[in-house]
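Engineer:
Protein chains in written order, with the UniProt record's numbering: chain A, 1 to 715; chain B, 1 to 715.
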């Protein structure tokens with residue numbers, strides 16, 4: 001249905017929609033709200049409307065009748081309770097395919113306006129009854145993810161009522177009541193709203209600056225909310241591009257500084273190559289370019305002049321650099337050549353962008369080295385991978401597993417790819433966290449970049465050696481993974497080693513009765529403490545902002561993930577102590593000020609170690625050995641990684657992906673159903689029982705298994 | 001004349017030119033050679049051919065008859081001697097206009113092939129006689145700066161001979177003989193070739209790896225040669241883009257690290273904004289964009305899809321950032337907001353590119369800050385400018401003068417621009433080295449980005465304050481200026497504070513007779529010395545490469561500009577000393593190894609200070625007070641800056657530029673004639689006599705002078 005049709009339908013009902021607002025493509029409530037708030041023509045005050053599509057369990061042969069729920073974005077829809085009420089069994093969120101089949105729309109374009117005389121009879125429809133009585137103006141997707149119109153609750157109701165028939169009644173559901181019933185223990189229904197209970201244990205006087213969406217309930221929306229509320233990131237008016245604010249960029253700087261020192265020790269030098277690459281050069285390596293060409297951004301015009309030849313913005317720099325490697329490497333004495341650059345690259349993805357994880361422009365480092373021998377190249381591949389492991393585990397407190405990629409998943413054009421593979425427990429998905437490739441001689445051979453030296457070991461002096469090359473990269477994705485793993489419903493949780501503020505000192509207990517002298521004494525003590533900690537190498541900050549309550553400050557710094565809060569009030573002053581509060585566990589403990597410069601660094605070390613250990617325990621607990629095919633999908637559905645004794649054949653991997661996708665139906669609104677792919681073949685196979693050659697079989701195809709391989713859904 | 005015509009003409013002479021080679025646009029012998037060497041279809045061995053155009057002094061009314069000289073690139077053409085020989089007075093290199101008038105070509109496209117039956121009779125032509133007898137193949141511009149064909153000396157001669165007539169004979173000149181005559185003192189002609197004399201004072205055993213072109217003779221070519229031979233930079237196959245190799249990039253890293261510490265102390269935070277900006281946003285500030293729009297690179301396509309709207313690559317980030325400043329700044333408590341980013345920007349200049357100085361992509365930092373009051377903004381503008389001065393003077397040993405730009409030269413769209421202004425004595429040109437702008441409220445006002453806060457000083461609470469903004473940037477141009485000022489005919493000269501190798505230790509005096517034990521003792525001592533110096537904080541390196549002579553190593557490190565060489569031979573070993581050789585002065589002195597960890601740092605400090613002092617003395621000696629208009633152009637021609645008591649009116653500046661351009665004719669092949677512009681109005685006016693209001697007049701227009709202002713030719 002086109003926008004014109006919509007307007008006509010609305011006009012027929014005497015509904016006057018406020019003008020359609022165009023904005024950048026949005027894929028979550030947070031980004032949608034963000035986009036509308038920055039659109040000048042949007043109304044000042046509005047609520048988001050959500051449209052959920054559920055599929056009830058039906059016999060395989062029966063045509064499914066989806067359930068459409070139109071609700072306020074803030075309404076908790078508990079599918080079990082709804083199903084019970086409407087007599088629908090085992091409701092699950094519909095797949096993209098289902099949405100496409102019924103409405104030819106994706107979930108970010110769907111709204112009640114997709115219900116028409118054609119579609120309405122084929123589905124069951126329910127409306128959140130609180131909408132009908134609401135005074136709010138609702139933002140309604142204009143059947144596109146980049147355009148919105150605004151309707152009152154009454155109008156939405158009227159629109160749906162007009163489609164109603166005896167066969168297809170419009171169900172009105174009071175979700176709030178339904179939720180209270182579902183939440184309450186038996187016999188206590190409606191006596192104690194769940195909401196209040198949750199506030200127990202909150203800091204007294206704290207203002208609630210909630211993340212608004214629970215990590216467990218809507219992970220994608222939670223993620224973007226955390227990023228925005230922690231001042232990590234802002235959305236930008238070019239889709240797929242984001243602003244890295246100082247709170248996140250400083251993490252990147254920590255990683256840069258740490259990594260630079262290590263690679264310099266390995267003899268790697270930093271350099272800078274141009275970001276433009278001519279079409280001719282870019283297309284030199286066919287296998288390589290195949291993976292990138294659909295995503296390459298092309299500059300075709302400068303000022304008002306069309307360029308004679310379009311010029312690509314680098315998606316990676318192999319083809320930018322290697323013609324010069326051929327020029328610079330003239331003798332084995334020029335080897336190894338080890339260069340690295342910190343730069344921006346562009347991959348114009350058409351999939352949904354996600355901050356840090358999948359963005360059109362991103363920051364990374366790319367190392368490119370050339371060696372005389374394969375063993376030398378092999379050693380470096382693993383040295384770099386070990387540094388990547390340390391960046392994740394030691395700096396970001398994010399556990400990873402080192403391994404090799406399958407042939408299907410390796411870097412196109414390379415010889416083999418090693419990876420540090422992360423895992424997001426909340427979604428049960430693997431995430432490729434950093435890769436170190438051995439390119440072999442694929443780029444150096446004569447028909448490619450022709451990078452060779454005379455063989456120093458050939459006595460005839462005639463032999464040539466084509467150099468062995470590696471490339472390796474780590475991107476700002478690091479930051480996204482860290483947020484996903486450690487963040488909670490209060491916001492960001494930063495590991496101390498990457499936090500730009502490790503300890504925040506907040507004056508407390510100041511009331512109207514507090515004398516000016518007392519007030520000053522507390523402030524002074526806070527400043528002195530910050531200075532002492534700084535001198536001891538702790539990134540400390542005293543938050544002496546006027547006009548904000550301690551509660552506001554607590555929440556502000558909690559949201560921003562500062563690892564440690566130190567409170568100083570009149571009582572603490574008297575006892576020469578401070579109350580420490582850990583961000584990761586919420587544990588409070590008084591600390592004597594006398595030895596604060598040793599106790600705080602120790603506490604920060606403990607937080608760092610605990611955060612890592614907990615995350616690693618969780619990761620490991622989700623690695624599940626699977627030896628029968630039937631267990632694969634249930635394992636994935638349990639948010640686990642299936643570790644299978646695998647045949648390592650590409651056809652089998654394709655098959656696993658296809659078969660596991662078919663059977664998957666997600667319960668998460670925003671995670672599309674997806675098949676499993678191989679995440680990596682871990683280097684450390686000793687974790688699992690030895691594979692018996694010729695005896696242990698691949699559970700997917702029945703052929704001989706080679707190595708234990710992690711299969712999972714992934715980012 | 002088209003390429004087809006050329007081929008026909010050549011064919012008529014039975015000359016078979018080797019196939020035309022296309023390459024990127026080149027603007028100097030160095031880049032031309034570079035381009036040909038990397039073109040696969042070019043012959044392996046060739047010489048460059050140069051075609052010089054001179055204008056003899058003629059009566060103003062007479063039609064000028066230019067002299068065309070066709071010579072080997074390596075031939076020194078001494079215009080005085082040539083003029084004498086041909087009876088032509090006061091030969092000066094012709095302007096671009098002259099070339100255009102006669103051949104419709106620029107100097108980078110000109111070759112003997114431009115001489116045709118139409119043009120040849122209008123000029124005088126001379127050929128380097130050594131070409132005629134040469135066996136070399138010559139690279140000849142195919143009347144374009146990006147295409148070359150190859151001819152033998154005989155063929156070139158034949159081509160010109162065919163055009164010869166009684167009225168227009170082809171002169172054959174033996175430039176080598178002419179030069180010897182010119183060089184030799186009276187009475188000694190031809191007895192002692194000048195060449196040999198120049199080698200005096202060279203290090204014994206040194207292999208000559210000459211820069212090839214003298215700084216004083218052909219500055220532009222010298223500059224690119226130094227950059228390439230010092231491994232600072234390489235040419236790239238996208239015109240106007242260059243590769244920053246580790247030897248130059250490491251200088252940028254030193255600047256980054258130094259600057260980051262200082263601005264962090266000022267409360268500036270680093271961040272990263274996207275490099276893409278939509279057309280709509282970019283064009284929001286008309287004045288601002290006017291300066292950039294002709295140079296903006298546009299992405300119009302991604303993969304195979306045309307973008308709905310073209311997206312610009314940032315030429316600078318005011319319009320990228322300020323919409324978000326408007327969003328983030330909600331109260332005076334959010335002020336000041338001080339962000340900085342290190343990034344790449346693109347300005348697709350159509351003028352001749354020059355490495356570091358004018359490139360299409362370049363690296364810089366751009367700081368953008370917002371303040372509540374103008375005085376606060378004013379203070380910061382100067383604080384940053386002072387940091388820029390320190391980067392130049394304290395790190396790069398490059399003297400600068402701080403001042404304010406004229407209205408004509410200030411940043412478009414800003415309120416005022418302050419600058420650190422450098423000077424390249426060899427060409428006598430000023431160079432804008434870094435700028436710190438106060439933007440005033442031009443970007444914050446309501447019709448622009450609308451960045452305001454409630455006025456905290458307004459008791460009614462109704463008042464708004466539009467924020468005061470600054471922006472400031474420093475680019476990799478820093479590196480180019482340093483090279484131009486300190487480099488010499490041996491190559492690069494690095495100030496110790498930015499050198500990635502400050503002292504290189506070279507084992508010497510090892511001969512065939514040296515025993516293995518002695519050899520090892522020397523090597524070990526070199527390594528031990530390097531280790532001791534590193535421990536003392538000196539960036540030291542022992543050059544123990546096998547298979548290279550000390551002479552080769554000396555030259556190699558001299559070319560690369562390492563500030564200090566320490567030689568250790570058997571005699572030094574015996575005396576427990578090392579021979580130190582300063583790169584900047586060539587001064588040699590033995591240093592006892594006993595206190596080497598204090599003497600070397602002291603020596604490096606002395607080198608740093610001396611390099612700066614010498615450069616500053618030169619700069620200051622070129623500031624010439626000019627109070628009469630007639631002195632302006634001669635001052636510029638003397639490679640000086642004219643400091644005039646100026647009226648500060650824009651019309652007067654336009655007039656000065658125009659009038660000074662007309663009278664200028666350069667002697668440098670590659671520096672186009674140019675008028676003078678105002679470089680800056682120095683903050684420190686006390687250097688010159690006080691201007692008497694109403695009495696001191698502007699020498700250009702006769703109006704009342706306001707302040708002493710530096711006028712000069714510039715980059």
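Note that beta-carbon positions come from the ideal geometry of N, C-alpha and C, so glycine has one too.
The structure presented is a predicted model; accordingly, all values stated were derived computationally and were not measured.
Listed in chain order, which residues of the region 447-475 of chain A have Cβ atoms closer than 9 Å to some Cβ of chain B?
Structural biologist: Taking 9 Å as the Cβ-Cβ cut-off against chain B, none of the residues of the region 447-475 of chain A qualify.
Engineer: Which two residues bound the contiguous alpha helix (DSSP H) that contains residue 102/A?
Structural biologist: Here the question's residue 102/A lines up with position 102 in the first chain. Start and end: 96-103.
Engineer: If you drop the 5 nearest sequence neighbours on each side, which residues of the same chain put their C-beta closer than 6 Å to that of residue 328/B?
Structural biologist: The count along the second chain starts at 1 and reaches residue 328/B at position 328. Here the set comprises nothing.
Engineer: What is the DSSP secondary structure of residue 698/A, reduced to helix, strand or coil?
Structural biologist: Here residue 698/A is taken as the residue at index 698 of the first chain, counted from 1. Residue 698/A: coil per DSSP, three-state reduction.
Engineer: Pick helix, strand or coil for residue 521/A, following the three-state DSSP scheme.
Structural biologist: The residue you call residue 521/A lines up with position 521 of the first chain. Three-state result, residue 521/A: helix.
Engineer: With H, G and I counted as helix, E and B as strand and the rest as coil, what does DSSP make of residue 348/B?
Structural biologist: In the second chain, counting from the first residue as 1, residue 348/B sits at position 348. It is coil, neither helix nor strand.
Engineer: Using DSSP with H/G/I as helix, E/B as strand and the rest coil, what is residue 581/A?
Structural biologist: Here residue 581/A is taken as the residue at index 581 of the first chain, counted from 1. Of the three classes helix, strand and coil, the one that applies to residue 581/A here is strand, per DSSP.
Engineer: Output, in chain order, the set of chain A residues within a Cβ distance shorter than 7 Å of residue 275/B.
Structural biologist: Counting from 1 along the second chain, the entry for residue 275/B is found at position 275. What residue 275/B touches in chain A: 344, 361.
Engineer: Going by the beta-carbon positions, is the gap between residue 233/B and residue 242/B smaller than 7 Å?
Structural biologist: Translated into the one-based positions of the second chain, residue 233/B becomes position 233. Translated into the one-based positions of the second chain, residue 242/B becomes position 242. Against a cut-off of 7 Å, the Cβ pair of residue 242/B and residue 233/B comes out as a contact.
Engineer: I need the DSSP call for residue 429/B, collapsed to helix, strand or coil.
Structural biologist: Numbered from its first residue, the second chain carries residue 429/B at position 429. In the structure shown, residue 429/B sits in a strand (DSSP, three-state: E or B).
Engineer: Is the distance from the Cβ of residue 706/A to the Cβ of residue 648/A below 7 Å?
Structural biologist: The residue you call residue 706/A lines up with position 706 of the first chain. The residue you call residue 648/A lines up with position 648 of the first chain. Yes. Within cutoff.
Engineer: In chain order, which beta strand (DSSP E) runs of at least 3 residues are fully inside the region 241-312 of chain B?
Structural biologist: List check, beta strand (DSSP E) in window: 242-244, 276-278, 297-302.
Engineer: Please identify the residue among 641/B, 125/B, 105/B, 175/B whose C-alpha is closest to the C-alpha of residue 167/B.
Structural biologist: Mapped onto the second chain, residue 167/B falls at position 167. Here the closest residue by C-alpha is 125/B.
Engineer: Check the Cβ of residue 538/A against every Cβ in chain B and list those closer than 7 Å, keeping chain order.
Structural biologist: Here residue 538/A corresponds to residue number 538 of the first chain, with the count starting at 1. In chain order: nothing, as chain B lies at least about 17 Å away.
Engineer: Does residue 478/B pass the burial test, meaning 16 or more other C-beta atoms within 10 Å, or should it be called exposed?
Structural biologist: In the second chain, residue 478/B corresponds to position 478, counting from 1. By the 10 Å Cβ count, residue 478/B comes out buried.
Engineer: Tell me whether residue 364/A sits in a helix, a strand or coil according to DSSP, three-state version.
Structural biologist: Within the first chain, numbered from 1, the residue matching residue 364/A stands at position 364. Reduced to three states, the DSSP call for residue 364/A is strand.
Engineer: Between the Cα of residue 299/B and those of 380/B, 677/B, 276/B, spot the shortest distance and give me the residue it belongs to.
Structural biologist: In the second chain, the residue the question calls residue 299/B occupies position 299. Checked all of 380/B, 677/B, 276/B; the closest Cα to residue 299/B is 276/B.
Engineer: At a Cβ cut of 7 Å, what residues of the region 33-48 of chain B count as close to chain A, listed as they run along the chain?
Structural biologist: So the list reads 38, given in the order they occur along the chain.
Engineer: Who are the Cβ neighbours of residue 177/B in its own chain at under 6 Å, not counting the five residues just before and after it?
Structural biologist: Here the question's residue 177/B lines up with position 177 in the second chain. If we look at residue 177/B and ignore the five residues flanking it on each side, it has no Cβ neighbours.
Engineer: Strictly below 7 Å CB to CB, what residues from chain A border residue 269/B?
Structural biologist: For this step, residue 269/B is matched to residue 269 along the second chain. Simply 246.
Engineer: Kindly list the residues whose CB is nearer than 7 Å to the CB of residue 129/B, restricted to its own chain and excluding five residues on each side of it in sequence; keep chain order.
Structural biologist: For this step, residue 129/B is matched to residue 129 along the second chain. Result list for residue 129/B: 172, 173, 174, in chain order.
Engineer: I need the straight-line Cα distance from residue 430/A to residue 310/B, nearest angstrom please.
Structural biologist: Counting from 1 along the first chain, the entry for residue 430/A is found at position 430. Counting from 1 along the second chain, the entry for residue 310/B is found at position 310. Looking at the two C-alpha atoms, the distance is approximately 35 Å.
Engineer: Please determine if the region 134-144 of chain B and the region 41-59 of chain B are in contact, where contact requires at least 3 C-beta pairs separated by less than 8 Å.
Structural biologist: Touching, yes, given that three or more Cβ pairs across the two stretches are closer than 8 Å.
Engineer: Residues in its own chain within less than 6 Å of residue 466/A by CB, not counting five upstream and five downstream?
Structural biologist: Translated into positions along the first chain, residue 466/A becomes position 466. Counting only Cβ-Cβ distances below 6 Å, and skipping sequence neighbours, we find 441, 444, 445, 452.
Engineer: Quick one: does residue 414/B have its CB under 7 Å from some CB of chain A?
Structural biologist: Translated into the one-based positions of the second chain, residue 414/B becomes position 414. No, its Cβ sits nowhere closer than 7 Å to a Cβ of chain A.
Engineer: For a cutoff of 7 Å on Cβ pairs, would you count residue 297/A as touching chain B?
Structural biologist: By 1-based counting over the first chain, the position of residue 297/A is 297. Answer yes: the Cβ-Cβ gap between residue 297/A and chain B drops below 7 Å somewhere.
Engineer: For chain B, is any of its Cβ atoms less than 7 Å away from the one on residue 191/A?
Structural biologist: Here the question's residue 191/A lines up with position 191 in the first chain. Legend: pLDDT at residue 191/A = 36, less than 50; position of this residue unreliable, no value from coordinates given.
Engineer: Closest to residue 267/A by CA distance: which of 274/A, 259/A, 694/A is it?
Structural biologist: To locate residue 267/A, count along the first chain from 1; it is residue 267. Checking every option, the nearest Cα to that of residue 267/A belongs to 259/A.
Engineer: Apart from the five residues just before and just after residue 227/B, which ones in its own chain have a Cβ nearer than 7 Å to its Cβ?
Structural biologist: Numbered from 1 along the second chain, position 227 holds the residue referred to as residue 227/B. Around residue 227/B: 233, 355, 483.
Engineer: DSSP three-state call for residue 343/A: helix, strand or coil?
Structural biologist: Start at 1 with the first residue of the first chain, and residue 343/A comes out as number 343. If DSSP states are grouped into helix, strand and coil, residue 343/A belongs with the strands.
Engineer: Would you list, in sequence order, the uninterrupted beta strand (DSSP E) runs of no fewer than 3 residues that lie entirely inside the region 438-482 of chain A?
Structural biologist: If we require 3 residues or more, the beta strand (DSSP E) runs fully inside the region 438-482 of chain A come out as 452-454, 464-466, 468-475.
Engineer: Under DSSP, the beta strand (DSSP E) around residue 423/B begins and ends at which residues?
Structural biologist: Against the second chain, residue 423/B aligns to sequence position 423. Segment 416-424, the beta strand (DSSP E) holding residue 423/B.
Engineer: When burial is assigned at 16 or more other CB atoms within 10 Å of the CB, is residue 716/B buried or exposed?
Structural biologist: Any answer about residue 716/B is impossible in this case: the structure gives chain B only from 1 up to 715.
Engineer: If we define contact as Cβ-Cβ less than 7 Å, is residue 278/A a contact residue for chain B?
Structural biologist: Your numbering for residue 278/A matches position 278 in the first chain. Yes, contact with chain B.
Engineer: For residue 233/B, go through chain A and note every residue whose CB falls closer than 9 Å to its CB, in chain order.
Structural biologist: Within the second chain, the letter at position 233 stands for residue 233/B. Correct list: empty, because the minimum Cβ distance to chain A is about 10 Å.
Engineer: Who are the Cβ neighbours of residue 248/A in its own chain at under 7 Å, not counting the five residues just before and after it?
Structural biologist: Residue numbering aside, residue 248/A sits at position 248 when the first chain is read from its first letter. Around residue 248/A: 232, 233, 479.
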